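Note sheet for the following structure.
Protein chains in written order, with our numbering: chain A, -1 to 130; chain B, 264 to 585.
This is the structure in structure tokens:
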């Protein structure tokens, strides 16, 4: 927490912090889940989840997904104009929808691995966005 | 579903029991609206129903248009692949499953599932393994889907779905060989829609195409199973009638003539119209053709006579008029 405040003081945007957090989390999800169901199917599920949420959170369209992985490059500038709470909600919605898809496909098999990683990050994101 | 695609699914179903412990394996094939379920003999109907519902549910969640279970053709294969002591309860229900989309190049062509009457029957390793199998199955199915569609384009007329001229030539070659060497009768009927140009000129080509399709379907419904109906070109069709003598082929031709005459064609924005057809018949051995080309020429000559004599009639080839 102290580190975050300090970074804020030296000028790091809160939106950057939220983006960094979700970049790491999404990369981790990609690593873990692609090992279970393959890149092609995972790409498809990411695409479905983004399609589902793109109207509510248009910035998610800039999230690039391919069989090689996900890329959040190029989102940073765009996200600086969006309140950090919205960024957090958008990514949280995306991950929740992905979890819903994983659960539809494989019940608890995938989510069992993911939940312990995801929830602490959600809490951390909430802490960042609640800081004034 | 083509033979090759059924083979692929069956082969997977046969090999999966060596790799996983499951009660049933399903493949939902979007193109053919087919749900193929390969399951243990002891699976009760309640379990099968659960599997169907679950696969349709997952397929809908995957973002495809809501799948309607009633529209699917269900094909269930039962095999003995579980040991005797693991026979399922007659009231068993679906307790766990792994369902994966069958996707190629970002397109979902269906989904596949492993199902069990036991809770938590599958783990991460099963999922990993099943996804590899699913990926390979999707690629193979897609390959055969493409192959089938190319094969279909090569033999069918795209407008009427009748056989095309190329297939007709090939089939006629085979049938004439059989008849010429075996001495069995063979008849050929050429059919031409009367005044078809007027339909196109008056109502437009789209309506003309509809008329062609309607007449193609009447022709298809009027022949025997062993006969071949093909679009010869434009508004001309041809029928190969193996084993049919002159009398039988004249009967079939007359039936077609009457059927077309009495079937009103619906033209958009207009009252119905009635069309007629002219037909010409040639036959082996009666007309003594020496080749398939000659058989065609004779039927064509008879068709010409039907037109000359006023249309809407059946004419049999007559050597003296040739």
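For each residue, glycine too, the CB sits at the ideal point set by N, CA and C.
The structure displayed is predicted, hence computed values, not measured ones.
If you check the CB distance, residue 58 of chain A and residue 48 of chain A come in under 7 Å. For residue 577 of chain B, the enclosing beta strand (DSSP E) covers residues 577 to 579. Pairing residue 502 of chain B with residue 577 of chain B gives a Cβ-Cβ distance that is not under 7 Å. Looking at the DSSP output, residue 546 of chain B bridges to B/450. Ranked by how close their Cα comes to the Cα of residue 494 of chain B, the residues B/581, B/534, B/472, B/315 have B/472 in first place. A residue is called buried once 16 or more other Cβ atoms fall within 10 Å of its Cβ, and residue 468 of chain B, having fewer, is exposed. The continuous stretches of alpha helix (DSSP H) do not include residue 65 of chain A, and DSSP gives it neither H nor E. When 8 Å is used as the limit between beta carbons, residue 39 of chain A is near these residues of chain B: 363, 364, 366, 394, 397, 398, in chain order.
Within chain A, the C-beta atoms nearer than 9 Å to that of residue 369 of chain B come from 38, 41, 42, 45, in chain order. If you check each beta-carbon in the region 91 to 118 of chain A against every beta-carbon of chain B, the ones closer than 9 Å belong to 98, 99, 102, 103, 104, 105, 106, 107, 108, 110, 111.
Taking 7 Å as the CB threshold, residue 34 of chain A lines the interface with chain B. At a Cβ-Cβ threshold of 7 Å, residue 574 of chain B and residue 541 of chain B count as neighbours.
In chain A, no part has a C-beta under 8 Å from the C-beta of residue 287 of chain B; the shortest such distance is about 16 Å.
For residue 289 of chain B, the enclosing beta strand (DSSP E) has its first and last residue at 287 to 292. Going by beta carbons, residue 98 of chain A and residue 127 of chain A fall outside the 7 Å limit. For residue 461 of chain B, the closest C-alpha among the options B/403, B/490, B/538, B/526 is that of B/538.
Residue-level contact by beta carbon fails for residue 492 of chain B and chain A, as no gap is shorter than 7 Å.
Contact of residue 324 of chain B with chain A is assigned, a C-beta pair being separated by under 7 Å. Sequence-distant partners of residue 279 of chain B (beyond 5 residues in either direction) whose C-beta falls short of 6 Å from its own C-beta, in its chain, are 288. Residues of chain B with a Cβ closer than 8 Å to the Cβ of residue 49 of chain A are, in chain order, 326. Membership of residue 560 of chain B in any beta strand (DSSP E) is not indicated; the residue belongs instead to the alpha helix (DSSP H) covering 555 to 571. When the Cα atoms are used, residue 512 of chain B and residue 269 of chain B turn out to be separated by approximately 37 Å.
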